[in-house]
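Taken in sequence, the protein lines are chains A and B.
When we follow my numbering, the leftmost residue of the first sequence carries the number 1, and every step to the right adds one.
When we follow my numbering, the leftmost residue of the second sequence carries the number 1001, and every step to the right adds one.
Ideal placement from N, C-alpha and C gives every residue a C-beta, glycine not left out.
The next block holds one structure in the form of structure tokens; read it before the comments.
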Amino acid sequence: MDGTENNLRLFPKKDARLYMSFMYVTFVSLLVGGLMGLLQTFVRSGRFTLPFNINYYTILTVHGVILGLVLTTFFILGFQFALMGKTVGISDKQRNAGWVSFWMMLVGTVMTAVTILVGQANVLYTFYAPLAAHPAFYIGLALVIIGSWVGAFTNFRQLYVWKKAHKGEKSPLLAFMVVINMLMWVIASLGVAIAVVVQFIPWSLGYTETINVLVSRTLFWYFGHPLVYFWLLPAYMAWYAIIPKIIGGKLFSDSLARLAFILLLMFSIPVGFHHQLTEPGIDPTWKFIQVVLTMMVVIPSLMTAFSIFATFEIAGRKKGFSSLFGWFKKLPWGDVRFFAPFVGMVAFIPGGIGGIINASHQMNALVHNTIWITGHFHLTVATTVILTYFGIAYWLVPHLTGRRLTKQLNKLGIIQTIIWTVGMTIMSTAMHIQGLLGGPRRSAYSEYAGGAQVDTWIGYQLAQAIGGTILFIGILLMTYIFIKLTFFAPRGVEEFPIAAEDEDAQVTPKILENWYLWIGITIALIAFAYTIPMIDIIKHSPPGSIPFKWPIGRM
Amino acid sequence: MHLHKYEKVWLTFGMASLVIFLLIIGFAAFWKGTHPQSHLETIDQNNVEAHDSFKPENLGLTEVADGKYKVNIVASAFNYDFGVDKDEKAVKTIRVPQGSTVLFTITSKDVVHGFQVAGTNVNMMVEPGHISRYEAVMKNKGEFTIVCNEYCGIGHHQMFGKVEVY
């Protein structure tokens, strides 16, 4: 089948409805979570107090859970279901499983959100023990995770069925990428699922008296770092396989893209200790080993950077621009489907550098738990990832609703991207600087002892409120664009832009699809990085901790 | 699998930088002893006073040798206990002369806390059942704010102290 023709064929209504449902939750989350972010920056400016006795840490928890866990997971599942539908198809049974996944996640989300909003879960999105939230918070989270697994296994099944019908053919690149991302997600979220189901739920219900704090934290961070790659890989899917089509080019290299994804799978999980570098109870040698494994991610990142810019150059030169950088000027800057993700790529340069600093064993002590970290992930997830998601939504939403991204909406999208860039530059830079001066993250407004040091950083919180306000305007604009694309844009066919391979492309080696091999290596690396330190942690455990409710304001 | 010539150059350069980078931080960690705080000692968080360092009379600042000090602290929501002064008032400020070596030892009686002396390398997670310990040379004069930098509950931002280097 001709690729371009398939790109222009709309999904059957019943398929589109499933994919769109995930998008609705995504954009409602964006608005709710974004509003919480705005309020946080206001409180931290020191010139505003929350009405109705709402606690700062309640809105902080909502912000983290709704944007970090809900928005991302819903967008990713919806986008990936659409990719699978487009490349390998979906059967009636698989679609039903997709709905089961959606509803489980939605019920879990509502349960968790309500528990937070009534003030029974001021534990932030990391819910570190022994702070004890209401059991409904943990049960809701478990439902979100298990629901996402239903989605993951449906995706595995989709590719499996396709492979059986296409013996000897290589899997479509995007389907391969979705399966890698979901494999990583299932292997990683096992950690947090064990923590929630085995440790937190019985403990919060009173069936067990105490909890092993360090074990729960280690299980959380076993999950916590692959979580950020789970957000990032769908953006990489767009960079590798969708952007080339938008700029009028071809895939740079099918096998290189697959290899990068395999490396990301292997080196995303055995690395959680780099979030626990300043913790007691973990041997520093094992911390260092995981630091080394963390840094391996540099390799697929460099491969990705090379491919993307090579694609840009090749596409530009094919259009006849021969000077050294002439091709760069001729990229489709006026096309928001390209422009928004491109800004995301640029933000990943300082974002990546910051990440290397954070994970650098000793250097981490300078920035650990300062607001520098918050500045860092607002560059990576809240700029690189989210702008790429927006870049996807500009064509995915109209493709699903049978409408068109009009010139006017495209222009609004460009304006949205610029607003986002300005707001985030102000907010994230202010956070980075304040963090280097020692300002802590996750804290309501406080002048502490009122020392000279606090004077050096407190002003940056005003800058963050200004940046946050600009960002919220960006969120309102994005919501408007989403509503237009969903309900009001003129009817038509928006392309689902999947790039094709060059006719004379090299054959992709079969070994890249040897799942047993890559999953085997992934598990072996995890076993190497975690077995001995985990045994140490359990063997040298202090007495367990009882639930603490009063510090989070629970009676 | 085919790799473009430039890509090989790019990846070789990248990986070589990575190796050098890891060798440097590895050298600093294992030969120069600059590991992050990773104290392995455990304690019963329900009875921290049983440990010598956290007996009420041993809290706060003690000079152990010329220019060498130790500071013992018990963290709890939302307070750092540095012991009491002569008038039985809670100590909030630790005063040490410039250039002194200070060993901070801290544990938590309840939930997870942070302990950062802003502007220095002293930055530790504090967890119930574990003892955190970090030694630093206070090279610069001035006032350094101690902040709890791990969320410990709704009074988290009111948990602080001060180190004064004179």
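Interface flag, residue i vs chain A, CB-CB below 8 Å
{"i": "ILE1043/B", "result": "yes"}
{"i": "ALA1029/B", "result": "yes"}
{"i": "LYS1008/B", "result": "no"}
{"i": "GLU1127/B", "result": "yes"}
{"i": "THR1034/B", "result": "yes"}
{"i": "ALA1077/B", "result": "yes"}
{"i": "ASN1140/B", "result": "no"}
{"i": "TYR1151/B", "result": "yes"}
{"i": "GLY1060/B", "result": "no"}
{"i": "LEU1023/B", "result": "no"}
{"i": "ALA1050/B", "result": "no"}
{"i": "ASP1110/B", "result": "yes"}
{"i": "ALA1016/B", "result": "no"}
{"i": "ALA1065/B", "result": "no"}
{"i": "HIS1130/B", "result": "yes"}
{"i": "GLN1116/B", "result": "yes"}
{"i": "ASN1072/B", "result": "no"}
C-beta contact flag for residue i and residue j at 8 Å
{"i": "GLY423/A", "j": "LEU471/A", "result": "yes"}
{"i": "ALA430/A", "j": "ALA463/A", "result": "yes"}
{"i": "GLY191/A", "j": "LEU219/A", "result": "yes"}
{"i": "ALA121/A", "j": "PHE137/A", "result": "yes"}
{"i": "LYS1092/B", "j": "PHE1082/B", "result": "yes"}
{"i": "SER29/A", "j": "PHE102/A", "result": "no"}
{"i": "ILE537/A", "j": "VAL215/A", "result": "yes"}
{"i": "ILE282/A", "j": "PRO533/A", "result": "yes"}
{"i": "PRO172/A", "j": "THR87/A", "result": "yes"}
{"i": "ASN155/A", "j": "PHE230/A", "result": "no"}
{"i": "ILE371/A", "j": "GLY435/A", "result": "yes"}
{"i": "LEU69/A", "j": "MET184/A", "result": "no"}
{"i": "GLN94/A", "j": "PRO234/A", "result": "no"}
{"i": "LYS287/A", "j": "HIS361/A", "result": "yes"}
{"i": "MET295/A", "j": "ALA359/A", "result": "yes"}
{"i": "MET1159/B", "j": "PHE1078/B", "result": "yes"}
{"i": "GLU1164/B", "j": "GLU1143/B", "result": "yes"}
Contacting residues, own chain, Cβ-Cβ under 6 Å from residue i (five flanking each side not counted)
{"i": "GLY354/A", "result": "HIS376"}
{"i": "ILE1131/B", "result": "HIS1039, GLU1041, ILE1043 and THR1107"}
{"i": "ILE246/A", "result": "ARG337, PHE338 and PRO497"}
Chain B within 8 Å of residue i, Cβ atoms only
{"i": "MET177/A", "result": "no"}
{"i": "VAL213/A", "result": "yes"}
{"i": "THR304/A", "result": "no"}
{"i": "MET1/A", "result": "At MET1/A the pLDDT is 42, less than 50, meaning the model places this residue with poor confidence; the figure from the coordinates comes in the next sentence. For MET1/A, the answer is no, since every Cβ of chain B falls outside 8 Å of its Cβ."}
{"i": "ASP502/A", "result": "no"}
{"i": "HIS275/A", "result": "no"}
{"i": "PHE295/A", "result": "It should be noted that the sequence gives Met, not Phe, for residue 295/A. It does: the Cβ of MET295/A has a partner Cβ on chain B nearer than 8 Å."}
Own chain residues within Cβ distance below 8 Å of residue i, not counting five before or after
{"i": "LEU517/A", "result": "ILE511"}
{"i": "ARG217/A", "result": "TYR128, ALA129, GLN276 and GLU279"}
{"i": "HIS134/A", "result": "THR115, GLN120, ALA121, SER204 and ARG554"}
{"i": "LEU1003/B", "result": "LEU1011"}
Within chain B, partners of residue i - CB distance below 8 Å
{"i": "LEU18/A", "result": "The contacting residues do not exist; LEU18/A stays about 36 Å from chain B at best."}
{"i": "ARG441/A", "result": "ASN1149"}
{"i": "ASN122/A", "result": "GLY1153 and ILE1154"}
{"i": "PHE548/A", "result": "ALA1077, ASP1110, VAL1111 and GLY1153"}
Residue i: contacting residues in chain A (beta-carbon distance under 8 Å)
{"i": "THR1145/B", "result": "GLY438, TYR448, ALA449, GLY451, GLN453 and VAL454"}
{"i": "ALA1162/B", "result": "Note that residue 1162/B is Lys in the sequence shown here, rather than Ala. ALA449 and GLY451, listed in chain order."}
{"i": "LEU1103/B", "result": "Correct list: empty, because the minimum Cβ distance to chain A is about 14 Å."}
{"i": "GLY1119/B", "result": "LEU437, GLY438 and GLN453"}
Chain A contact residues for residue i, given Cβ-Cβ distances below 7 Å
{"i": "GLU1088/B", "result": "Those within 7 Å of GLU1088/B in chain A number zero; the least Cβ separation is about 21 Å."}
Chain-ordered neighbours of residue i on chain B, where CB pairs are closer than 7 Å
{"i": "GLY556/A", "result": "Residue 556/A lies beyond the stretch modelled for chain A, which goes from 1 to 555, so this question has no answer here."}
{"i": "LEU265/A", "result": "Within chain B, no residue comes near LEU265/A; the closest Cβ sits about 17 Å away, beyond 7 Å."}
Min CB distance residue i to chain D below 8 Å
{"i": "LEU1040/B", "result": "Note that chain D does not occur in the displayed structure, where the protein chains are A and B."}
Chain-ordered chain B contacts of residue i [CB-CB under 9 Å]
{"i": "ASP557/A", "result": "Outside the shown range of chain A (1 to 555) lies residue 557/A, about which nothing can therefore be said."}
Same chain, Cβ closer than 7 Å to residue i, neighbours up to 5 away in sequence not counted
{"i": "HIS1156/B", "result": "PHE1078 and CYS1148"}
Original post:
Is there contact between the segment 1106 to 1122 of chain B and the segment 1035 to 1053 of chain B, where contact requires at least three CB pairs shorter than 8 Å?
Top reply: yes
**OP:** Decide if the segment 1031 to 1048 of chain B is in contact with the segment 331 to 338 of chain A; the criterion is three or more beta carbon pairs, one per stretch, under 8 Å apart.
**Re:** no
Original post:
Touch check for the segment 138 to 153 of chain A and the segment 109 to 118 of chain A: three-plus C-beta pairs under 8 Å?
Top reply: yes
Original post:
Looking at C-beta atoms only, is the number of pairs between the segment 236 to 248 of chain A and the segment 302 to 313 of chain A that lie closer than 8 Å three or more?
Top reply: yes
Original post:
Is there contact here, the segment 1146 to 1154 of chain B with the segment 1009 to 1025 of chain B, by at least three beta-carbon pairs under 8 Å?
Top reply: no
Original post:
Any chance the segment 499 to 515 of chain A sits against the segment 249 to 269 of chain A, with 3 or more Cβ pairs inside 8 Å?
Top reply: yes
Original post:
With contact counted as at least three CB pairs below 8 Å, one residue from each stretch, are the segment 41 to 50 of chain A and the segment 477 to 487 of chain A in contact?
Top reply: no
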